[in-house]
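K.L.:
Sharing a structure, written as structure tokens. Questions coming.
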Amino acid sequence: FVNQPRSARPAARGKQPQRNGATSRIITPKILGGEEVLVEQSSDPRVALMEWMRREDNPYFARAFVNRVWANYFGTGIVEPPDDQNLANPPSNAELLAYLADQFVAHNFDMKWLHREITGSRTYQLSWKTNDTNRNDSRNFSHATPRRMPAEVAYDALVQATAGTDELATLLASPDSRSIGPAAAMRNARNRYALTTFGKPARATNCDCERSNDPSLLQTVFLRNDGEVLAMIDRSTGWLQEASKQAKTTPAKSADNARGAKQGDSKREAEIANLEQRIKRLRAAGKKEAVQTLQRELARLRGSSGQNRPQARPASVQVAKEELSGDPRRLIRQAYLRTVSRPPTSEELANAQKYLRESTTPVNGARDLLWALLNTKEFIVNH
């Protein structure tokens, strides 16, 4: 049932309605501990805020900023958690935090300097492999900590690893076409499902704590047989098609591609049906705001399941067994450099060459090799 609204009581005769302490004074914005900001005298009121944050007598901004950048690189902040900047939560290395904060201010808050200083350090370049002295260390940054890449970075890595030369050059030239780019939130959400799978939050609140970088079974299933991933490998502008043109063959699409595409579509259809049922119940209950929120989510899902998602090619004709024009080792090396950013070891090269010889064509073998590399921990984990 719905509670009936109470009727307003008429004010007693001769009594003025109470205003709960309200006055006619216009409230103007004021910096914490500072003076009022006359917004009408500034083209951008954020300038006053930034000037206050960058003042010499405010050490907290620089400390919080460098600590968050450090946490993004190492997975753990010098002050952990990064948002808990209070005296009861001391830094694990006070001298390091003081050095970075002081030099950040000395370099006029130059973010490029900060990133160069961190990535050029020996600490950042340490291996993830441990020894007897640092095996249990989790606070002193004595070794790298393997962790899964953020959702946007993981999706962009998939796109770049499977892209052809021309498409890759476009992706590297400008961040606008990437999921991590500044305009990503305003573009059509064709990759919404993939980003959600890898932990991108819905931004229901203005807090980064919604994000999850923890691995899950759904992420493994997505990389193995989701139609979107398999369509990326087979797309007309992709690296595999580029290699097949050089070899003058057509890579035969495996049955897993078609099966994976159907599984991906059926999964989205189930989510769409579930959302439609929830919208119907909420509309009957008169909850307009909740209905609008779910309708936006439904529109995004429908966009990711339709024509905006990369489409797999139709099944190709039977191909003849042909050899690549050139050394197959070049193809193997390219696959490794695209995915794990290193050349193959001697053992990996020998195994890959053997697999390519036993495949219908070397290009079809390269397709399976690329798929296998995309499913390794080395590809998806920042180590």
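Numbering (this note's numbering), first residue to last: 804 to 1186. Where a beta carbon is used, it is the ideal one built from N, C-alpha and C, also for glycine.
(1) In the DSSP assignment, what are the bridge partners of V1184?
(2) So, under 8 Å CB-CB, L998 and A947 are touching, yes? Tell me the CB distance rounded to an integer number of Å.
(3) With distances taken from CA atoms, which of F1001, W1042, M1035 is nearest Q1022?
(4) S1039: which of G967, E1013, D1029 sits nearest, CA to CA?
(5) Could you tell me whether the region 906-925 touches the region 867-876, where touching means 3 or more Cβ pairs closer than 8 Å?
(6) Go through the region 832-864 residue by residue and report every complete run of the alpha helix (DSSP H) that reaches 4 residues or more, in order.
(7) Any idea what DSSP makes of G878, helix, strand or coil?
(8) At which residues does the alpha helix (DSSP H) containing S1149 begin and terminate?
(9) Which class does A1005 belong to by DSSP, given the choice of helix, strand or coil?
(10) In this structure, does DSSP put G1041 in helix, strand or coil?
(11) Report all residues from its chain with a CB closer than 8 Å to the CB of S941; omit the five preceding and five following residues, and keep chain order.
(12) Less than 6 Å between the CB of G1030 and some heavy atom of the ligand NAP, yes or no?
(13) Assuming L1097 and L1085 are in contact, meaning their beta carbons sit under 8 Å apart, how far apart are those beta carbons, in whole angstroms?
(14) Taking M1035 and T965 to be in contact with their CB atoms under 8 Å, please state how far apart those CB atoms are, rounded to whole angstroms.
(15) Taking all protein chains shown into account, do 16 or more other C-beta atoms lie within 10 angstroms of the C-beta of E1126, making it buried, or fewer, making it exposed?
(16) Any Cβ of chain C within less than 7 Å of the Cβ of T1023?
(17) Among L1173, Y876, A901, A1169, which one has its Cα closest to the Cα of R919?
(18) Which complete alpha helix (DSSP H) runs does the region 863-924 hold, if anything under 4 residues is left out?
(19) So, helix, strand or coil for A966, using DSSP?
(20) Do D959 and S982 have their CB atoms nearer than 7 Å?
(21) Measuring CB atoms only, is the region 1162-1175 touching the region 1134-1153, in the sense that at least three cross pairs come out at less than 8 Å?
(22) Does DSSP put V1143 in a helix, in a strand, or in coil?
(23) Using the Cα positions of Q1121 and I921, report the straight-line distance between them to the nearest angstrom.
(24) Determine the contact status of N892 and I881, defining contact as a CB-CB distance below 7 Å.
(25) May I have the straight-line CA-CA distance separating P862 from Q888, to the nearest angstrom?
(26) Please list, in chain order, all residues of the same chain as R1027 whose beta carbon is under 7 Å from its beta carbon, the five residues on each side excluded.
(27) Once the 5 residues before and after F864 are set aside, which same chain residues still bring their CB inside 7 Å of it?
(28) Leaving aside the five residues before and after A957 along the sequence, list all residues of the same chain whose C-beta is less than 8 Å from its C-beta, in chain order.
(29) Applying the 10 Å Cβ sphere with the 16-neighbour rule, what's the burial state of L1043?
(30) So, are the CB atoms of T831 and E838 less than 7 Å apart?
(31) Can you say whether V872 is buried or exposed, counting buried as having 16 or more other CB atoms within 10 angstroms of its CB?
(32) I need the boundaries of the alpha helix (DSSP H) containing P1165, first residue and last residue.
(33) State the start and end residues of the unbroken alpha helix (DSSP H) segment that holds L1187.
(34) Please check the pair L974 and V962, which I expect to be a contact at CB under 8 Å, by giving their CB distance rounded to whole angstroms.
P.N.:
Taking the coordinates as given:
(1) For V1184, which the question treats as bridged, DSSP gives the partners R951.
(2) Between L998 and A947 the beta-carbon gap is near 25 Å, outside 8 Å, which marks them as no contact.
(3) F1001
(4) In terms of CA proximity to S1039, G967 leads the group G967, E1013, D1029.
(5) Touching, yes.
(6) 849-856
(7) In this structure, DSSP gives G878 a state outside helix and strand, which the three-state scheme calls coil.
(8) 1149-1161
(9) coil
(10) strand
(11) T879, T948
(12) In the structure on display, the ligand NAP does not appear, and there are no ligands present to speak of.
(13) 7 Å
(14) 5 Å
(15) Residue confidence for E1126 is low, a pLDDT of 44 falling below 50, so the modelled location carries little weight; the figure read from the coordinates is stated next. With fewer than 16 Cβ atoms within 10 Å of its Cβ, E1126 is classed as exposed.
(16) Among the chains of the structure shown, chain C does not appear; only one protein chain is present.
(17) Y876
(18) Within the region 863-924, the runs of alpha helix (DSSP H) that reach at least 4 residues and sit entirely inside it are, in chain order, 863-877, 897-909, 914-922.
(19) strand
(20) For D959 and S982, yes; Cβs fall inside 7 Å.
(21) yes
(22) coil
(23) Note that Q1121 has pLDDT 34, beneath the 50 cutoff, so the model's placement of it is unreliable and the number below is only indicative. Roughly 53 Å separates the two Cα atoms.
(24) no
(25) 12 Å
(26) Taken in chain order, the residues that qualify are N1178.
(27) M856, R857
(28) R951, F1001, I1183
(29) buried
(30) Taking 7 Å as the cut-off, the Cβ atoms of T831 and E838 do not count as close.
(31) buried
(32) 1165-1177
(33) Look at the range of the chain in this structure, 804 to 1186, and you will see that residue 1187 is not part of it.
(34) 7 Å
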